[in-house]
Structure formats: structure tokens, C-alpha cells
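Here's the structure we're looking at; comments come further down.
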Amino acid sequence: MFDMDFQAILYGISVWALPAIFAITLHEAAHGYAALQFGDDTARRAGRLSLNPLRHIDRFGTIILPAILLLIRAPFLFGYAKPVPVNFGRLGKPKRDMIWVAAAGPLTNVALGIVSELLLYVTEYLPGTVAPWAVDNLQNSVQINAVLAVFNMIPIPPLDGGRVLTGLLPLPLAIRYARLERWGLFVLIGALFILPLLGRQFGTNLDIFPWLMGPPVDYLIRFIAFVTGLSP
């Protein structure tokens, strides 16, 4: 029984950890490559223009947080890597280019979701022992990349969506909104973890995460299935 449980745990880690690390790594690298195209080589000088996951892994965001969410059977699995350093002042047109640099990460996740879905066509040609593992990896990759894309586009700085919104706002409002970045992480932690805990204490559901993420994630997954021809 113990061996079977241990094998199940190892299998679960292998089909979730691999696509998660790949998705998070490429998300962060995309920010650096986009910044380089618009004139900022900060990420390159810091050695962050790399597809080596070890250069991007954050101990908590990439390993501990996804593991906790997996163990508690959270409705969504997500995480984050060490942010790629970007000096927005070195971009050619900082306000405009900030939008593209910020959007590069979520757009990369959408592209990875599409590629993962397309690779499902190939799994039928794999050996019988490998095919189920590959299918689970690719299906999980679609879900993880959809969650990362949607989560990072929440318009709260320092998330990518907050920076996109900052770039779109008129300059006076953009300056004020950018100042919220110092508080953004606390807002997210409060909304995702503290509110649900308080809700359970008072016997009410204050978990806004499924409500906030569920519909757009489902829509994005259906969109990926539609463009790849795998929609039911």
C-alpha cells in the first residue's frame, strides 16, 4: 500500500511539476527577451535570458506554493518565479513598451497552452507505457498555462496586468496607479489566503479565487481547444 501511494505521489509530481516549471520559466524569460527587443538589456546582464529553470526558480513561489496547493487539492495550481529585472527607464518609449514587456509573459503562456494542446495529437504514436504520462503532462500544461496567463493579467501591480493598465492610463493616473505596487502583493495575499481563512471562521465563503479565476480560465481553455481543433 505504501509503495503504491508513494508511486502515485511521484507520478503526480512528475505530471504537475514539469509543466509548471516549464510554464513559469518561459513566462519570466519572455519578459527579459521582450525588454531586450525594446532597448533594455538588464535581464541579459543579470544572466536571466535563459531557459535554465534554475536561474528563475523562487524557493517559495516555484516550489513550496505549488506543492501546498497540490497537497490541499486547490481548484487551481499556480506559482511564480523570481521576477526578471527590467529597467523601464531604458526602454525606447517606456510607457508604451512597458505594455509589451508585461504582456509578453501571459502571451507566452497562451502560446505554450496552444503548443501543448497540439502535441496531444502526437501522443497516439507514443508507446503505450509513455502515452498516458505524456497526455497527463500536456493536459496539465494547458491548465497551468491558462491559470498563469489569467492570474498574471489581474490588473493589480506588480502583476503583469497591473503594468499593462499602468501603460494604458493617462500619465497622471499611471503615476498614481504605479505607486500601488508596494501594496499589491499584500492585497493578493489577503484576497487569496486571509479572506478564505476569515470566512471559515465566520461560517461564510469569502474565497473569491474560483469566482475571479474560474470563468476566464475556462474560457481560455475552451479557446485553446477551439483553435487547435480539439474542442468537443
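All residue numbers for the sequence shown refer to the working numbering, where the first residue is 33 and numbers rise by one. The beta carbon of each residue, even a glycine, is placed where N, CA and C say it ideally should be.
| query | result |
| --- | --- |
| Per DSSP, what kind of secondary structure is R211 in: helix, strand or coil? | coil |
| Can you tell me the Cα-Cα spacing of D90 and K125, whole angstroms? | 30 Å |
| In or out: Q233 buried (at least 16 other Cβ within 10 Å) or exposed? | exposed |
| Within a Cβ cutoff of 8 Å, which residues of the same chain sit near L144, ignoring the five residues on either side of it in sequence? | F54, A55, L58, S173 and N177 |
| Enumerate in chain order the residues of its own chain whose CB-to-CB distance from S82 is below 7 Å, with the five nearest sequence positions on each side excluded. | A61 |
| If distances are taken between C-alpha atoms only, which option among L212, V179 and A223 comes closest to P190? | L212 |
| Restricting to runs no shorter than 3 residues, where is the beta strand (DSSP E) found entirely within the segment 57-120? | none |
| Assign W221 to one of three DSSP states: helix, strand, or coil. | In the sequence on display, residue 221 carries Ile and not Trp. Helix, per DSSP. |
| What are the uninterrupted segments assigned as alpha helix (DSSP H) that are 4 or more residues long and contained completely in the segment 169-213, given in chain order? | 192-200 and 203-210 |
| Which same chain residues end up closer than 6 Å to A163 when comparing Cβ atoms and leaving out the 5 residues on each side of it in sequence? | T155 |
| Buried or exposed for F70, please, with buried defined as at least 16 other CB atoms from any protein chain shown within 10 angstroms of its CB. | buried |
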